[in-house]
Amino acid sequence: MALVSKAGSSYCIRSDITRGRTGQNVAFGVVNNVEAPIMKEKSIKFSSLSCKNARVAQLFPLETVGFRSKRNSVIVAASPPTEDALIAAEPLTKQDLVGYLASGCKSKEKWRIGTEHEKFGFEIKTLRPMKYEQIAELLNGISERFDWEKVMEGDKIIGLKQGKQSISLEPGGQFELSGAPLETLHQTCAEVNSHLYQVKAVAEEMGIGFLGIGFQPKLGLKDIPVMPKGRYEIMRNYMPKVGSLGLDMMFRTCTVQVNLDFSSEADMIRKFRAGLALQPIATALFANSPFTEGKPNGYLSMRSQIWTDTDKDRTGMLPFVFDDSFGFEQYVDYALDVPMYFVYRKKKYIDCTGMTFRDFMAGNLPCIPGELPNLNDWENHLTTIFPEVRLKRYLEMRGADGGPWRRLCALPAFWVGLLYDDVSLQSILDMTADWTSEEREMLRNKVPKTGLKTPFRDGLLWHIAEDVLKLARDGLERRGFKEAGFLNEVAEVVRTGVTPAEKLLELYHGKWGQSVDPVFEELLY
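In the working numbering, the protein residues as written are 1418 to 1942.
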């Protein structure tokens, strides 16, 4: 049971719910990146207590119902009916939504590192993207050979689960590993290596390779297959109404991100602000998407640029995080007014685009008249908000392009060194304290094109990155796990000021003879 008490503007949490992925309690457990509610058998009560009153807010089931295949491996249903999965004792209040976020608070010894990365699968002979049928064969092969549980939507396999790790599909078939919450970067990098070994073992027999890059370098939108997932159909129809690049985001981008914990509301605020201020530096250090449809696109991180014209209601640098009044409640206020994509009912995704969760709380969704939300609906809604740093029951650092395996280890190392060490975190907050909202926005908008060479005050962003990298390294050293070596990949970028994308462009104009095809070998996992 998690008890939430509010004293002044600070929320204090006592939580003894067992955790699933980083920041996720089993009582709110999910399959496939919280895409759909999970049917459970047993229930516990979640109490939301304020200084003035106490009430039983929700019943939360605990154990996932699965069924066994002929090979005795569990198949997890991705999307059982929400109303069967979660029964609300009373209608949700805003305090319940705040309490949900606050339930992520945990003591420092329980902080973990959760790394997620996406990659493009392609046919080695043709360089064409994998079709869904090939992806299904690959998922089934990994499941059978390495004992992963299958995640189904209807009769289609759409992912895998093993312990606290999951493999899922992005809209264009990008293959994503969502790692387990782990204590050290050595464990994180070992997890990545194990995953890549398993994927390659099956994929190579199929003539399939995987590319570590931030944007599909060769093919147009029309050439990308569409995955059979209900939520993506709703998003695909909605995206062109709110931005010109949303479909590119869905079908042609790959990222690597790290999910990190916080101890309190105050700690969350400090990490959120540091993460937002420095996100453009991470974008520059990991910039790795300079090609579109076979040619240079004029950007170092096309993936980052795409987010600037995807959907302004749910993306960006969240300037309100730097307001004195900011806390869990203010993030809830923001999320309540972000337009929804869907509600999940009776094994179907119902299109609720354009309406807000605030409307839902009032029972005013035309798509499901009179119905009220449960916490699974809230959890799902939070996954459809895409700022540069995202708050759930943990913080997600979302600014980096996908890349080769060493960078998959370097990205979490960068942020762990900065945010999990008190001295480095305070140094970052001091360094960025007088940065204005306009300066942060300028960096966010210019870095995709100019990277570390972006002018900032009296110098270049490169010079700030030198100081930041030292703080990251010092923070890792103080952790005492001998993790600083994972920063070597970005240390070279900082030393030279040359981003990964600029190295690719040099190859393109040089020995590749203005062809992008060799990138499929250069960045092959």
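Heads up, the beta-carbon is just placed ideally off N, CA and C, and yes, glycines get one too.
- Buried or exposed (CB count within 10 angstroms, at least 16 for buried), Gly1897: Taking the first residue of the sequence shown as position 1, residue 1897 is located at position 480. Under the 10 Å beta carbon count, Gly1897 is surrounded by fewer than 16 other beta carbons and is classified as exposed.
- Sequence-distant residues of the same chain with beta carbon closer than 6 angstroms to Trp1832, five excluded per side: Taking the first residue of the sequence shown as 1, we reach residue 1832 at position 415. Same-chain partners within the cutoff: Val1675, Met1814.
- Message: Let me check understanding here. Comparing Cα to Cα, which of Asp1678, Ser1583, Cys1784 lies closest to Lys1523?
- Response: For the purposes of this step, residue 1523 is taken as the residue at position 106 of the sequence shown. The shortest C-alpha separation from Lys1523 is found at Asp1678.
- Excluding the five sequence neighbours on either side, which residues of its own chain have a C-beta within less than 6 angstroms of the C-beta of Phe1627, listed in chain order? By one-based count along the sequence shown, residue 1627 stands at place 210. Once the five neighbours on either side are set aside, the close Cβ partners of Phe1627 are Lys1536, Gly1538, Tyr1942.
- Would you say Ser1854 and Pro1736 are within 8 angstroms of each other, going by their C-beta atoms? What you label residue 1854 is simply residue 437 of the sequence shown in a count that begins at 1. What you label residue 1736 is simply residue 319 of the sequence shown in a count that begins at 1. For Ser1854 and Pro1736, yes; Cβs fall inside 8 angstroms.
- Terminal residues of the alpha helix (DSSP H) in which Met1623 lies: The residue given as residue 1623 occupies position 206 in the sequence shown. Run containing Met1623: none; DSSP gives neither H nor E here.
- Task: Given a cut-off of 8 angstroms, decide if Leu1577 and Leu1556 are closer than it, judged by their beta-carbon atoms.
- Result: In the sequence shown, the residue the question calls residue 1556 occupies position 139. In the sequence shown, the residue the question calls residue 1577 occupies position 160. Yes, they are a contact pair.
- Query: Comparing alpha-carbon positions, which option in Thr1672, Val1749, Asp1818 lies nearest Asn1705?
  - Reply: In the sequence shown, residue 1705 corresponds to position 288, counting from 1. Ranking the options by Cα distance to Asn1705, first place goes to Asp1818.
- Task: Please report how far the alpha carbon of Val1643 lies from the alpha carbon of Leu1544, in whole angstroms.
- Result: Residue mapping note: residue 1643 aligns to position 226 of the sequence shown, counting from 1. Residue mapping note: residue 1544 aligns to position 127 of the sequence shown, counting from 1. If you take the alpha carbons of Val1643 and Leu1544, they lie about 17 angstroms apart.
- Query: For Tyr1758, which of Asn1797, Lys1729, Ser1718, Asn1793 has the nearest alpha-carbon?
  - Reply: Position 341 of the sequence shown, counting from 1, holds the residue named residue 1758. Of the listed residues, the one whose Cα sits closest to Tyr1758 is Asn1797.
- Message: Looking at the strands, I want to know which residues DSSP matches up with Lys1578.
- Response: By 1-based counting over the sequence shown, the position of residue 1578 is 161. Answer is Glu1566, Ser1583.
- Could you name the residues of the same chain whose beta carbon sits closer than 7 angstroms to that of Ile1767, not counting the 5 residues immediately before and after it, in chain order? Here residue 1767 refers to the residue found at position 350 when the sequence shown is read from its first residue. Phe1759, Val1760, Cys1784, Ile1785, listed in sequence order.
- Query: For Arg1714, which residues of its own chain have a beta-carbon under 7 angstroms away from its beta-carbon, when the five flanking residues on both sides are left out?
  - Reply: Indexing the sequence shown from 1 puts residue 1714 at position 297. It is worth fixing the name first, because residue 1714 is Asn in this sequence and not Arg. Pro1707, Phe1708, listed in sequence order.
- Expressed to the nearest angstrom, what Euclidean distance is found between the alpha-carbon atoms of Asn1610 and Ile1641? Here residue 1610 is taken as the residue at index 193 of the sequence shown, counted from 1. Here residue 1641 is taken as the residue at index 224 of the sequence shown, counted from 1. Roughly 27 angstroms separates the two Cα atoms.
- Can you say whether Leu1702 is buried or exposed, counting buried as having 16 or more other CB atoms within 10 angstroms of its CB? Along the sequence shown, one-based indexing puts residue 1702 at 285. Classification of Leu1702: buried, given that the 10 Å Cβ count is 16 or more.
- Integer Cβ distance of Ile1625 from Val1936, believed to fall under 8 angstroms: One-based indexing of the sequence shown puts residue 1625 at position 208. One-based indexing of the sequence shown puts residue 1936 at position 519. So it is not a contact: roughly 17 angstroms between Cβ atoms.
- Query: By DSSP, does Ala1850 sit in helix, in strand, or in coil?
  - Reply: Reading the sequence shown from its first residue, position 433 is the one you call residue 1850. If DSSP states are grouped into helix, strand and coil, Ala1850 belongs with coil.
- Message: If you reduce the DSSP assignment to three classes, tell me which class Asp1884 lands in.
- Response: Looking up residue 1884 in the sequence shown gives position 467. Three-state result, Asp1884: helix.
- Message: Just to confirm before moving on: does the CB-CB distance between Gly1787 and Ala1699 stay below 8 angstroms?
- Response: Stepping through the sequence shown from its first residue, residue 1787 is reached at position 370. Stepping through the sequence shown from its first residue, residue 1699 is reached at position 282. In this structure, Ala1699 does not lie closer than 8 angstroms to Gly1787 by Cβ.
- Below 7 angstroms CB to CB, which residues in the same chain sit around Phe1689 once its five sequence neighbours on both sides are set aside? To locate residue 1689, count along the sequence shown from 1; it is residue 272. Hits under 7 angstroms: Val1738, Val1806, Leu1808, Leu1812.
- Item | Cβ-based burial, Arg1861 [other Cβ within 10 Å; buried from 16] | Position 444 of the sequence shown, counted from the start, is the residue given in the question as residue 1861. Classification of Arg1861: buried, given that the 10 Å Cβ count is 16 or more.
- Let me know the secondary structure DSSP gives Tyr1758 once reduced to three states. The residue given as residue 1758 occupies position 341 in the sequence shown. Tyr1758 falls in the coil class under three-state DSSP.
- Task: Give the range of the alpha helix (DSSP H) segment to which Val1907 is assigned.
- Result: Numbered from 1 along the sequence shown, position 490 holds the residue referred to as residue 1907. Judged by DSSP secondary structure, Val1907 falls within the alpha helix (DSSP H) whose first and last residues are 1905–1913.
- Query: According to DSSP, is Met1814 helix, strand or coil?
  - Reply: Translated into the one-based positions of the sequence shown, residue 1814 becomes position 397. Reduced to three states, the DSSP call for Met1814 is strand.
- Task: Would you kindly report the start and end of the unbroken beta strand (DSSP E) that includes Arg1807?
- Result: By 1-based counting over the sequence shown, the position of residue 1807 is 390. Per DSSP, Arg1807 belongs to the beta strand (DSSP E) from 1806–1808.
- Kindly indicate which three-state DSSP category Asp1513 falls into: helix, strand or coil? As a working mapping, residue 1513 is identified with position 96 in the sequence shown. Judged by DSSP in its simplified three-state form, Asp1513 adopts helix.
- Item | Contact under 8 angstroms by Cβ, Val1864 with Pro1697 | Sequence index remark: in the sequence shown, residue 1864 carries index 447 (1-based). Sequence index remark: in the sequence shown, residue 1697 carries index 280 (1-based). Yes, the Cβ-Cβ distance between Val1864 and Pro1697 is below 8 angstroms.
- Message: Whole angstroms are fine: how far does the CA of Glu1900 sit from the CA of Lys1920?
- Response: By 1-based counting over the sequence shown, the position of residue 1920 is 503. By 1-based counting over the sequence shown, the position of residue 1900 is 483. Rounded to whole angstroms, Lys1920 to Glu1900 spans 26 angstroms at the Cα level.
- Do the segment 1581–1590 and the segment 1658–1675 meet, that is, are 3 or more Cβ pairs less than 8 angstroms apart? yes
- Task: Can you grab the Cα-Cα spacing for the pair Gly1876 / Leu1886, in whole Å?
- Result: Start at 1 with the first residue of the sequence shown, and residue 1876 comes out as number 459. Start at 1 with the first residue of the sequence shown, and residue 1886 comes out as number 469. Near 17 angstroms, if we compare the C-alpha coordinates of Leu1886 and Gly1876.
- Query: Between Thr1943 and Leu1828, what straight-line distance do the alpha-carbon atoms span, to the nearest angstrom?
  - Reply: Limits of the chain in this structure are 1418 at one end and 1942 at the other, which puts residue 1943 out of reach.
- Task: Tell me, please, whether the segment 1773–1782 touches the segment 1739–1755 by the rule of three or more beta-carbon pairs shorter than 8 angstroms.
- Result: yes
- Ignore the nearest five residues each way along the sequence and tell me which others in Thr1913's own chain have a CB closer than 6 angstroms to its CB. On the sequence shown, residue 1913 is found 496 positions in, with the first residue counted as 1. So the list is empty, once near-sequence residues are dropped.
- Message: Below 8 angstroms on the Cβ atoms is my contact criterion, and I expect Gln1615 with Ile1559 to pass it. Report the Cβ-Cβ distance as a whole number of Å.
- Response: Residue 1615 sits at position 198 when you count from the first residue of the sequence shown. Residue 1559 sits at position 142 when you count from the first residue of the sequence shown. Contact holds; Cβ gap of about 6 angstroms.
- Check whether Leu1792 and Gly1780 have beta carbons under 8 angstroms apart: Residue numbering aside, residue 1792 sits at position 375 when the sequence shown is read from its first letter. Residue numbering aside, residue 1780 sits at position 363 when the sequence shown is read from its first letter. Against a cut-off of 8 angstroms, the Cβ pair of Gly1780 and Leu1792 comes out as no contact.
- Item | Simplified DSSP assignment, three categories, for Asn1793 | Start at 1 with the first residue of the sequence shown, and residue 1793 comes out as number 376. Reduced to three states, the DSSP call for Asn1793 is helix.
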